[in-house]
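A.B. asks:
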Amino acid sequence: MKKRSSQRALNQYSHWQYVVLIATLLLMLFSALPSWYGESPALQLNYPQSSATSEHLVMLDPLALRHALVQQGIELKQIKQDQATTWVVLNDAKQLPLAKQVLQKMSDEQGISDTQLTLASVANAPYWLTQLGFNPIALGLDLRGGVQFLLDVDMAPVYQSQTEQLKKELGAWLREHNMRGGQFKELSADGFTLLLANESYRTELRDHLNSQYRHWQIIGSGDELRLVRSETEQVALRNLTVQQNLQIMRSRIEELGITEAAVQRQGDHRIRIELPGVQDPAQAKNVIGATASLAFYQVLADDALSGQAILDEQGRPVRVAQVPVLTGEHIVDARASLGEMGMAEVNISLDSQGGRMMADFSRQNIGKPMATAYSEYSRNQQGEVVQSNKIISVATIQSGLGAKFRITGAGSMQDAQSLALLLRAGSLTAPVTIVEERTIGPTLGAENISNGFSALALGLGMTLVFMALWYRRLGWIANIALLANMVMLFGLLALIPGAVLTLPGIAGLVLTVGMAVDTNVLIFERIRDKLKEGNSVARAIDSGFSSATSTIFDANFTTMITAIVLYSLGNGPIQGFALTLGLGLLTSMFTGIFASRAMINWFWGNDTRRSVRI
Numbered sequence: 225m226k227k228r229s230s231q232r233a234l235n236q237y238s239h240w241q242y243v244v245l246i247a248t249l250l251l252m253l254f255s256a257l258p259s260w261y262g263e264s265p266a267l268q269l270n271y272p273q274s275s276a277t278s279e280h281l282v283m284l285d286p287l288a289l290r291h292a293l294v295q296q297g298i299e300l301k302q303i304k305q306d307q308a309t310t311w312v313v314l315n316d317a318k319q320l321p322l323a324k325q326v327l328q329k330m331s332d333e334q335g336i337s338d339t340q341l342t343l344a345s346v347a348n349a350p351y352w353l354t355q356l357g358f359n360p361i362a363l364g365l366d367l368r369g370g371v372q373f374l375l376d377v378d379m380a381p382v383y384q385s386q387t388e389q390l391k392k393e394l395g396a397w398l399r400e401h402n403m404r405g406g407q408f409k410e411l412s413a414d415g416f417t418l419l420l421a422n423e424s425y426r427t428e429l430r431d432h433l434n435s436q437y438r439h440w441q442i443i444g445s446g447d448e449l450r451l452v453r454s455e456t457e458q459v460a461l462r463n464l465t466v467q468q469n470l471q472i473m474r475s476r477i478e479e480l481g482i483t484e485a486a487v488q489r490q491g492d493h494r495i496r497i498e499l500p501g502v503q504d505p506a507q508a509k510n511v512i513g514a515t516a517s518l519a520f521y522q523v524l525a526d527d528a529l530s531g532q533a534i535l536d537e538q539g540r541p542v543r544v545a546q547v548p549v550l551t552g553e554h555i556v557d558a559r560a561s562l563g564e565m566g567m568a569e570v571n572i573s574l575d576s577q578g579g580r581m582m583a584d585f586s587r588q589n590i591g592k593p594m595a596t597a598y599s600e601y602s603r604n605q606q607g608e609v610v611q612s613n614k615i616i617s618v619a620t621i622q623s624g625l626g627a628k629f630r631i632t633g634a635g636s637m638q639d640a641q642s643l644a645l646l647l648r649a650g651s652l653t654a655p656v657t658i659v660e661e662r663t664i665g666p667t668l669g670a671e672n673i674s675n676g677f678s679a680l681a682l683g684l685g686m687t688l689v690f691m692a693l694w695y696r697r698l699g700w701i702a703n704i705a706l707l708a709n710m711v712m713l714f715g716l717l718a719l720i721p722g723a724v725l726t727l728p729g730i731a732g733l734v735l736t737v738g739m740a741v742d743t744n745v746l747i748f749e750r751i752r753d754k755l756k757e758g759n760s761v762a763r764a765i766d767s768g769f770s771s772a773t774s775t776i777f778d779a780n781f782t783t784m785i786t787a788i789v790l791y792s793l794g795n796g797p798i799q800g801f802a803l804t805l806g807l808g809l810l811t812s813m814f815t816g817i818f819a820s821r822a823m824i825n826w827f828w829g830n831d832t833r834r835s836v837r838i
């Protein structure tokens, strides 16, 4: 009796282990189900908060909306509406741009132009499943279709600006200490040369630079001192500038109403942007590649010797102060509207610091003109980045201005809306240039999905047949574990925030099929070896799993290191492959060791026979 009791306990799990196993499989099954139903392209209208809280909410009528869309030949799947949001679900993603125009036109006609119109995808899964918080797997650009931009961040203007700022500060310091005879020359983005004949002046200057400007190196001796930016400072400034541009790019994409966009750094000074679901990249390209800002200047007399001259829209020079009163970095909100005379204008809101600066200046200059300058960067035919400035308005300050005011002269209503969008999203700290643009249509994305999952189905089917024929009853256990592994892998991809399935990711899924089976093959071969040595079935199962587990762990651990390195150092498609590879390793170990043993224990864990094939 004791012998039988020990045998029964040999291959048994505790009750809590079975609970964990079943609960995990059910959770992953529910998480994977929405991906089976798929998604449909949609447009999402978020109405302004001010309207949503009013007694009479102004929203688009679903019946009128359906009629307008059908008139344009747009195939609708459904229109859903709640208290402050409308979803227009389409059958064909190619019709999204046309549907967006129709919705925008209807919003403008009903006086709710502040409506936020967003490209989105709506899950086709049952309502109860989405209410539980389960959503389909997010698809990458190569599967969903869309557009990809590769931007180059030009650091030369940033370096040049910092160098000029240092020159101004040193010039002021020399004048403050009555050090005459200093001359600046050979000014460039890397640094400049300072001629200073007095040796005592040079000594004081060196001490000042070493204490206040340690990131600048002093080269040379005698009368000429060459100031050059250190390599460490150059790298730090580049990293900071690219990171700031990344944040501003994300803000601009949010303003465009594009969801599930990916904005990542690539290399030292490049930014890669992926916009899944976008089939008309013209507007995105114009906004993402633009570097626009406003600056407000004090207007000087035409015969003033100081200041600078900036041309207005008619080509006439306007003399303004050298340093602006306020720049676009203090703008927190900008909205286009029609003024009293029916002209387009931009209503601007400043942050607290900008509001104080504008209030102080306007109070001291009532009755005097103030100019609004618009600046942007572009590349000329030689590929060089050039900055263009123009005065868009000159207005007389009638009274003290605060944190909110308006500017005119922005052009048409469309021009004013584009300017307001750029100002809300922020001014780039360095000019960017689109060096590569790649568009993938939804048809090609659907073809990639079809081909990728066909390869997965073929590999999975051949593996299932081989395991069933070669290992017979154990092979069926392996097949069930393999199917559970695929369910868990899809469930994890849908459950993990930020996880995206790409075409290389599907290749990782196919590779996972082989790795998952390899786990069972190692275990089954060890069980067969133990049976040949004369062990009972129960003892062979226990010994086979015990001896194979360490080997399986070592092999998967080394592969996991590779997956982590690929995900950390790679980008885009490489990360997609590394993600599915790493998750596949985890799920294959769980199902191959834990789930398959639970089934084997259930069928043969208490079998004391010795000469038997399983």
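If you use my numbering, the sequence shown corresponds to residues 225 to 838, in order. Beta carbons are placed, not taken as given, at the ideal position from N, Cα and C, and that holds for glycine.
Here's the rule: buried if 16 or more other CB atoms are within 10 angstroms of the residue's CB, otherwise exposed. What is S412?
C.D. replies: Translated into the one-based positions of the sequence shown, residue 412 becomes position 188. The residue in question, S412, is exposed, as its Cβ has fewer than 16 Cβ neighbours within 10 Å.
A.B. asks: Does the beta-carbon of L755 have 16 or more other beta-carbons within 10 angstroms, so that it is buried, or is it exposed?
C.D. replies: Walking along the sequence shown from the start, residue 755 turns up at place 531. Counting Cβ neighbours within 10 Å, L755 comes out buried, since at least 16 surround it.
A.B. asks: Which residues mark the beginning and the end of the alpha helix (DSSP H) in which D332 is found?
C.D. replies: Within the sequence shown, numbered from 1, the residue matching residue 332 stands at position 108. Unbroken alpha helix (DSSP H) run through D332: L320 to E333.
A.B. asks: Kindly indicate which residue of E410, K409, P381 and L429 has the alpha-carbon position closest to the one of L398.
C.D. replies: For this step, residue 398 is matched to residue 174 along the sequence shown. It is L429 whose Cα lies nearest to the Cα of L398.
A.B. asks: Distance check for Q241 and A276, CA to CA, integer angstroms please.
C.D. replies: Indexing the sequence shown from 1 puts residue 276 at position 52. Indexing the sequence shown from 1 puts residue 241 at position 17. Because A276 sits at a pLDDT of 39, beneath the cut-off of 50, its placement in the model cannot be relied upon, and the point is left open.
A.B. asks: DSSP has E660 in a bridge; who is on the other side?
C.D. replies: For this step, residue 660 is matched to residue 436 along the sequence shown. For E660, which the question treats as bridged, DSSP gives the partners L374.
A.B. asks: In the DSSP assignment, find the unbroken beta strand (DSSP E) run with N744 in it and report its ends.
C.D. replies: Counted from its first residue, the sequence shown places residue 744 at position 520. That residue, N744, is in no beta strand (DSSP E); its alpha helix (DSSP H) goes L727 to K756.
A.B. asks: Give the DSSP-derived three-state secondary structure of V244 in the structure shown.
C.D. replies: Looking up residue 244 in the sequence shown gives position 20. V244 falls in the helix class under three-state DSSP.
A.B. asks: For the alpha helix (DSSP H) that T896 lies in, which residues bound it at each end?
C.D. replies: Absent from the model: residue 896. The displayed extent of the chain is 225 to 838, so no value can be given.
A.B. asks: For F814 and D366, what's the separation of their Cα atoms in angstroms?
C.D. replies: Taking the sequence shown and counting its residues from 1, the one referred to as residue 814 is at position 590. Taking the sequence shown and counting its residues from 1, the one referred to as residue 366 is at position 142. For F814 and D366, the distance between alpha carbons rounds to 30 Å.
A.B. asks: How should I785 be labelled, buried or exposed, when 16 other C-beta atoms within 10 angstroms of its C-beta is the threshold for buried?
C.D. replies: Along the sequence shown, read from residue 1 onward, the residue named residue 785 stands at position 561. That one is exposed.
A.B. asks: Less than 7 Å between the beta carbons of A583 and G552, yes or no?
C.D. replies: Working through the sequence shown from its first residue, we reach residue 583 at position 359. Working through the sequence shown from its first residue, we reach residue 552 at position 328. The answer is no: Cβ separation not under 7 Å.
A.B. asks: Let me know if D766 comes out buried or exposed under the rule of 16 or more other beta-carbons within 10 Å of its beta-carbon.
C.D. replies: Translated into the one-based positions of the sequence shown, residue 766 becomes position 542. Counting Cβ neighbours within 10 Å, D766 comes out buried, since at least 16 surround it.
A.B. asks: Can you tell me which residues form a DSSP beta bridge with N675?
C.D. replies: If you number the sequence shown from 1, residue 675 lands on position 451. Answer is none; N675 lacks a bridge partner.
A.B. asks: Over what stretch of residues does the beta strand (DSSP E) that includes G415 continue unbroken?
C.D. replies: Indexing the sequence shown from 1 puts residue 415 at position 191. G415 -> beta strand (DSSP E) spans G415 to L419.
A.B. asks: Should M686 go down as buried or exposed, given a rule of 16 or more other Cβ atoms within 10 Å for buried?
C.D. replies: Here residue 686 corresponds to residue number 462 of the sequence shown, with the count starting at 1. M686 is exposed by the Cβ-count criterion.
A.B. asks: Got a sec? Which residues, its chain only, sit under 8 Å from E299 by beta carbon, not counting five neighbours each side?
C.D. replies: Walking along the sequence shown from the start, residue 299 turns up at place 75. The residues are L314, N315, D316 and Q319.
A.B. asks: If you reduce the DSSP assignment to three classes, tell me which class V549 lands in.
C.D. replies: Taking the sequence shown and counting its residues from 1, one reaches residue 549 at position 325. Three-state DSSP puts V549 in coil, outside helix and strand.
A.B. asks: Return helix, strand or coil for A276, following the three-state DSSP convention.
C.D. replies: Counted from its first residue, the sequence shown places residue 276 at position 52. Summary for A276: the model assigns pLDDT 39, below 50, so the residue's position carries little reliability; its value from the coordinates is reported in the next sentence. Helix, per DSSP.
A.B. asks: Look at the Cβ atom of V542, then the Cβ atom of I616, and state whether they are nearer than 7 Å.
C.D. replies: By one-based count along the sequence shown, residue 542 stands at place 318. By one-based count along the sequence shown, residue 616 stands at place 392. Contact: no.
A.B. asks: Give every residue of the same chain whose Cβ lies closer than 6 Å to the Cβ of L684, excluding the five residues on either side of it in the sequence, and list them in chain order.
C.D. replies: Residue 684 sits at position 460 when you count from the first residue of the sequence shown. These residues qualify, in order along the chain: V737.
A.B. asks: A819: buried (16+ other C-beta within 10 angstroms of its C-beta) or exposed?
C.D. replies: For this step, residue 819 is matched to residue 595 along the sequence shown. Classification for A819: buried.
A.B. asks: Report the start-end ranges of each beta strand (DSSP E) in the segment 340 to 394 that is 3 residues or longer and not cut off at the edges.
C.D. replies: List check, beta strand (DSSP E) in window: 340 to 347 and 370 to 377.
A.B. asks: Within this structure, are the beta carbons of A347 and P286 separated by less than 7 Å?
C.D. replies: Counting from 1 along the sequence shown, the entry for residue 347 is found at position 123. Counting from 1 along the sequence shown, the entry for residue 286 is found at position 62. For A347 and P286, no; Cβs fall outside 7 Å.
A.B. asks: Within 10 angstroms of the Cβ of W694, are there 16 or more other Cβ atoms? Answer buried if so, exposed if not.
C.D. replies: In the sequence shown, residue 694 corresponds to position 470, counting from 1. When all chains shown are included, W694 counts as exposed.
A.B. asks: Buried or exposed for A362, going by 16 or more other Cβ atoms inside 10 Å?
C.D. replies: By 1-based counting over the sequence shown, the position of residue 362 is 138. Classification for A362: buried.
A.B. asks: May I have the straight-line CA-CA distance separating S770 from V659, to the nearest angstrom?
C.D. replies: Sequence index remark: in the sequence shown, residue 770 carries index 546 (1-based). Sequence index remark: in the sequence shown, residue 659 carries index 435 (1-based). About 56 Å.
A.B. asks: Apart from the five residues just before and just after N825, which ones in its own chain have a Cβ nearer than 7 Å to its Cβ?
C.D. replies: The count along the sequence shown starts at 1 and reaches residue 825 at position 601. Closer than 7 Å at the Cβ level, and outside the excluded window around N825, lie N235, Q236 and Y237.
A.B. asks: Does the distance from the CB of Q372 to the CB of R587 come in under 7 Å?
C.D. replies: Here residue 372 is taken as the residue at index 148 of the sequence shown, counted from 1. Here residue 587 is taken as the residue at index 363 of the sequence shown, counted from 1. Cβ atoms of Q372 and R587: not closer than 7 Å.
A.B. asks: Consult DSSP for E457 and reduce its assignment to one of helix, strand or coil.
C.D. replies: Stepping through the sequence shown from its first residue, residue 457 is reached at position 233. Correct three-state label for E457: helix.
A.B. asks: Candidates T248, L451 and R489: which alpha carbon is nearest N469's?
C.D. replies: As a working mapping, residue 469 is identified with position 245 in the sequence shown. Nearest of T248, L451 and R489 to N469, Cα basis: R489.
A.B. asks: Quick check on L356: buried or exposed, where buried means 16 or more other Cβ atoms within 10 Å of its Cβ?
C.D. replies: The sequence position of residue 356 within the sequence shown is 132, counting from 1. Burial call: exposed.
A.B. asks: When burial is assigned at 16 or more other CB atoms within 10 Å of the CB, is T782 buried or exposed?
C.D. replies: Within the sequence shown, residue 782 is the residue found at index 558, counting from 1. With fewer than 16 Cβ atoms within 10 Å of its Cβ, T782 is classed as exposed.
A.B. asks: Please confirm whether A485 has its beta-carbon closer than 7 Å to some beta-carbon of chain B.
C.D. replies: Any reference to chain B falls outside this structure, which holds one protein chain only.
A.B. asks: Whose C-alpha, out of V466, A670, A718 and L809, is nearest the C-alpha of T354?
C.D. replies: By one-based count along the sequence shown, residue 354 stands at place 130. Closest by alpha carbon: A718.
A.B. asks: Do L841 and L499 have their C-beta atoms closer together than 7 Å?
C.D. replies: Residue coverage of the chain in this structure runs from 225 to 838, which leaves residue 841 outside it and unanswerable.
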